[in-house]
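Numbering (our numbering), first residue to last: -6 to 34. Built from N, CA and C at the ideal position, the CB exists for glycine as well. As the structure is a computational prediction, the values presented were derived from the model and not from experiment. Working notes for the structure below.
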């Protein structure tokens, strides 16, 4: 869907954690934009 709408999107094996470990650039997220999701135990 992202590509269909003109975005240069890729699936990253390992997700965001793998991106961080690879030392790729990150953008800070303003505190007010953070959302706490429920955790299940």
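Which class does residue i belong to by DSSP, given the choice of helix, strand or coil?
i, result
"residue 13", "helix"
"residue -1", "coil"
"residue 8", "helix"
Spatial neighbours of residue i within its chain, please: CB distance less than 7 Å, with the 5 preceding and 5 following residues excluded, ordered by chain position.
i, result
"residue 11", "5"
Just confirm the distance between the C-beta atoms of residue i and residue j, as a whole number of angstroms; I'd bet it's less than 8 Å.
i, j, result
"residue 2", "residue -5", "4 Å"
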